[in-house]
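Residue numbers (the working numbering), protein chains in the order written: chain A, 1 to 291; chain B, 292 to 1079.
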Amino acid sequence: MEVDIRITKDILSKSEIFHKQPERLVTPGDVITTDTGFMRGHGTYMEDDKLHASVAGIVERVNKLICVQPLKTRYNGEVGDVVVGRITEVGQRRWKVDTNSRLDSALLLSSVNLPGGELRRKTTEDELMMRQYLSEGDLISAEVQAVYHDGTLSLHTRSLKYGKLMQGTLVRVSSSLIKRRKTHFHNLPCGAGVILGNNGYIWISSTVNEEMDNTGGFVQDLNPVSLADREVIARLRTCIQGLAGERMMLYDTSILYAYEASLLHTVKDLLKPEVMAEVVSFTSQQLESAL
Amino acid sequence: MEFADWVGRTKGKKIYVISTLKRPVPLEHFIYTGNSTKSSDENFLIVGAEKQFINAGYSKAVEAKKARATKSSTAFGAKGIRQGDPRQNKGVWLSIIHMLRKKSQLPVVAFTFSKRKCDENASQLTSIDLLTAAEKSEVHIFFQKCVSRLKGSDKKLPQVVHMQELLKRGIAVHHSGILPILKEVIEMIFQKGLVKLLFATETFAMGVNMPARTVVFDSLRKHDGINFRDLLPGEYIQMAGRAGRRGLDTTGTVIILCKGDIPETSDLHRIILGKPTKLESQFRLTYSMILNLLRVEQLRIEDMMKRSFFEFNNQKNVPQYKSELKQLKIKVGAMKPIECQYCSDLENFYVHCKEYVEIRNYLQDLFLSHPQMVKSLIPGRVIVVKHDRQQQQLGLLLKVSSGGNVKKFTFLLLTQNDSPSCDDKRTSEEDAHVMDGFSIEFFMATELYLPEGASDHVVVELKPEDIIAVTTKTIKTVAEKVIDDYKKRQIPRFKDDPPSQTTSIATQELLRLTESNLHGLPVLDPVNDLGIKDMSVVEQFLDLKRRRDSLSEFRCLLCPQIVEHLNQMKANMKVKEAMQKVNFLLSDKSLQFGPEYGQRIEVLRDLRYIDGNNTVQLKGRVACEISTNELIITELIFENVFSEMQPSEIAALLSCMVFQEKRCSQPSLLPSLEKGVEQIKAVAEKIGKLQKECGLTEPVEDYIEGFRFGLVEVTHKWASGMPFSEITSLTDVSEGIIVRTIQRLNETLRDVRNAARLVGEPVLCQKMEDASTLIKRDIVFAASLYTQ
């Protein structure tokens, strides 16, 4: 019988992977500056004319504004972000969506496209039909339309790109690991589609056909996904989780590099920490050399 | 029609256009020449209800005017009729009101194109009372009710009191300088029919439901911010269209006052019956639009620009371009490659030559316009030129003449006795024009052309591009004599005369020079002789030399059929170029806003609003929150200009972002405000300069000028709690403008507050909140009467 003996994870994480020390890393209470000419932004507070950090993170300066980007945080939405979320509640003319932010986000009935991308005023019948469109537990992709003053996000799915997600895998990582890009929808050449939600939720599914499949997710397609596709999806999932475990930024190139590096191993082997560590270190080397 | 086409194209739907040509209440246009109660009936119909121009009416008007003019000139000497004389002005108005009242054609809207004139006219007519007692009391009650909303001292504002006076007599004034609340009062009373005479500016014409029986035009010319001009037909129609109330009147009356001379018939025709101006797109690319589109995933800015009405004319042609492209593609596919063992590098050669010619032409222009060169281009200078088949030959410059923007040079050239026959001409046309007039020989010729046998001469006019080089040599001659002599001998009668002495000497001299210097004369060198210092030009010149030298290295020059092949190549290349052009037109780059878009993106990148991948950064997000002047306000926030200041000071400084009046008295400022103004100006200058560097055309000064600090003091005092009645004495800006500025300021304050919240700065956020509450009081934010 095959026996698999491994080193404990603790030893592993200390070795091998080289972390660059970020330039200005602060912990809560650290004094950032004593100069009063600066403006305080998020993650800072004033005490005795000194600017302190209120969260652990990296200090960022824009002109005279100083703010601290927290390392580990709930998702802070911005207009235009792509998010992946799960419906938690069907309410009055709106759905509540869990988007990994402090408060549940709202998806108004008026800001969704009806099945088939139809655009019209929503009637009472539509209100009664809401649960047929999206019910609790459904996963959706959406875009942030507005941020209310209490931080609640208002989402919209007014494009056929967005909508219900079916047949795929959700990976949850910290939202600070998602790199902001022009586009967050990627069809990777390895045969899978990835939606990198800005909120740290990543959706992996088989390749989305641009013209055909953009139905807003209202057409149920429950045909079994082929084994090859599922393997690709599983491999991507492990890669992403491996990268996230080592706090590497996630975007199309990094994911693709990790995927390519992982091809040496079987999907099952990737679950072993030391194999994953090898893949990740290889990826980081590749990313650095590409710069 | 065009507009509907555009809507249909962008939406991908069929559009039905429904248009009405008929007015339910037809208009009659009159010219009015009366100026006193005696002549108050001098009203002449010029355009009837059927839109026909009545010449009889027009000539009658002219006669009436003339009659009076002669009468007055006999009475008062040659004083003439001057426009703008206030007393006479009053007379005109009195008489026309008298006339209209008699014909019961009130109420009337009088369009006057300046705020000052509106006020003046209304104040002059003190003697007129157009209301009955019952109507008076109704107006009074309504007015009191409305004004009662205002605070104590505001009720006593001069404008309010004055307006009440006027309204009681059935007169009112309506323009942007009037307090908004008064404007609403006037509008409401007008709709009740209790304002019989309303002096208004053009803005009143934009309202939807404010018709009158009669419309009077004070003049047909207005100042449009740049200069005085005639009204556009569209403007005239809009204003004249106020006349004639549906259901109340059978016709609407439009009267044009003639205080000075009567307008020309053609002008009247154009203004009254002309076609409205073409619809023009007002699409502008703004930073906030770019930023807002950049952060949304689904829409590209290029698509947005394509869909604008501005691009409509180009986009309309897209299908045509596409079919063109298809045809060109087929052509390219059918092209025969040139098969020749020598000509493997023919294509390179072609490209090379083309570039060479382009650079040469460019530099040639530059040199020939260089002052030093102009000085040396005097009659007597020997110059290497090309003419007909001869690619290089010496010419003697006789005359430089510049007709229009093209310079022409007259040369004396040597020719063979029998050569300029038509036969020669034909062949030259056949093969010489290989490349924009430069034949293959041009690139190879090194020797000067020397006529064989008995030489003759011609005097010809050549264009600047025919000049190849300017030599250092000159020949002494009397240019005029040579030209005159040649001209004389062109006339058949003198054909057999021998050339004059000057001419023959010059010819001899030229021949001698050519013979002795077959391989070229020393040439004026642009760098050394003309002293051109500009690095890029010198470099280009050296590059040109290098290119010229490298040309001879091409193998294809050995090919015996080079000319043939080159022609074929040229045809091929032409097709390819055409394809490139069509491709370009179809691509995003051809958008008219394309370059501007690129420049603006550059500005945003430099200011770090967006990063290299066009992802919107924190500053960009802040700018998105702000609706006007987004760049400068964002910069001010991030430069921490506001944190030190009091809320009222911030409000005062931000007033420069929304105040637009050009002229106003210079405010006296506190030192702290003075400092703020300086800071804003500094930031504005920085942005202005950056824009300039990135290639935008707006001059730095204009950008800074765009911020007007005229109301800084006023807003500061207002925010500090000074009553409105005292505020008005601080400045000469009219009340209505102050109110509007402060209202708009509130919007800006709200934007900045949102921005502060986004940045995470609670102190500034609170300050903006405070500032907002400070300015939101009394008459400025009195609730609209319509919404009550």
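Each residue gets a CB set at the ideal place from its N, CA and C atoms; glycine is no exception.
- About 6 Å separates the beta carbon of residue 1033 of chain B from that of residue 1066 of chain B, a gap short enough to meet the 8 Å contact definition.
- Contact between residue 258 of chain A and residue 280 of chain A holds: CB atoms are separated by about 7 Å, below the 8 Å threshold.
- The region 422-440 of chain B and the region 454-473 of chain B touch, with three or more beta-carbon pairs separated by less than 8 Å.
- When C-beta distances to chain B are compared with 9 Å, the residues of the region 72-99 of chain A below that value are 78, 79, 80, 81 and 82, in chain order.
- What residue 63 of chain A touches in chain B, judged by beta-carbon distance under 7 Å, is 929 and 930, going in chain order.
- One thing to note: residue 572 of chain B has its Cβ within 7 Å of the Cβ of residue 600 of chain B.
- Residue B:388 holds the alpha-carbon nearest to the alpha-carbon of residue 505 of chain B among B:559, B:388 and B:1046.
- In this structure, residue 46 of chain A sits away from residue 931 of chain B, with a CB-CB distance that is not shorter than 7 Å.
- Of the candidates B:898, B:413, B:895 and B:293, B:413 places its Cα closest to the Cα of residue 457 of chain B.
- A direct Cα-Cα distance of roughly 22 Å separates residue 304 of chain B from residue 122 of chain A.
- Considering only beta carbons, the part of the region 22-46 of chain A lying closer than 9 Å to chain B consists of 37, 38, 39, 40, 41, 42, 43, 44 and 46, in chain order.
- For residue 962 of chain B, no beta strand (DSSP E) run applies; the uninterrupted alpha helix (DSSP H) run containing it begins and ends at 962-984, by DSSP.
- Under a 10 Å Cβ-count criterion, residue 289 of chain A is classified as exposed, with fewer than 16 other Cβ atoms of the shown protein chains found around its own Cβ.
- With fewer than three CB-CB distances shorter than 8 Å, the region 995-1007 of chain B does not count as touching the region 886-905 of chain B.
- For residue 146 of chain A, the closest alpha carbon among the candidates B:594, B:983, B:945 and B:916 is that of B:916.
- The C-alpha of residue 983 of chain B lies about 7 Å from the C-alpha of residue 990 of chain B.
- When CB distances to chain A are screened at a threshold of 8 Å, not a single residue of the region 969-996 of chain B falls below it.
- At a cut-off of 7 Å between beta-carbon atoms, residue 182 of chain A makes contact with chain B.
- Within the region 898-910 of chain B, those residues whose Cβ lies closer than 9 Å to any Cβ of chain A are, in chain order, 899, 902, 904, 905, 906, 907, 908, 909 and 910.
- DSSP, read as helix, strand or coil, puts residue 131 of chain A in helix.
- Here DSSP, grouped into helix, strand and coil, assigns residue 520 of chain B to strand.
- Within chain A, no residue has its CB atom less than 7 Å from the CB of residue 1031 of chain B, the nearest being about 28 Å off.
- At a Cβ-Cβ threshold of 7 Å, residue 487 of chain B and residue 397 of chain B count as neighbours.
- Assigned with DSSP and collapsed to three states, residue 56 of chain A falls in coil, not helix or strand.
- From the listed residues A:66, A:71, A:287 and A:240, the smallest Cα separation to residue 170 of chain A is found for A:240.
- When rounded, the separation of the alpha-carbon atoms in residue 478 of chain B and residue 491 of chain B is 11 Å.
- Around residue 1052 of chain B, the beta-carbon contacts reaching into chain A at under 7 Å are 39, 40 and 41.
- Around the beta-carbon of residue 401 of chain B, 16 or more other beta-carbon atoms lie within 10 Å, marking it buried.
- A Cβ-Cβ separation of about 11 Å leaves residue 833 of chain B out of contact with residue 654 of chain B under the 8 Å criterion.
- The residue from B:619, B:1044 and B:944 with its alpha-carbon nearest to that of residue 868 of chain B is B:619.
- Cβ proximity to chain A below 8 Å picks out 912 and 915 from the region 911-924 of chain B.
- Beta-bridge partners assigned by DSSP to residue 69 of chain A: A:58.
- When rounded, the separation of the alpha-carbon atoms in residue 59 of chain A and residue 71 of chain A is 11 Å.
- In the three-state DSSP reduction, residue 50 of chain A falls in the strand class (E or B).
- DSSP, read as helix, strand or coil, puts residue 86 of chain A in strand.
- Taking all protein chains shown into account, residue 617 of chain B has fewer than 16 neighbouring C-beta atoms within 10 Å of its C-beta and is therefore exposed.
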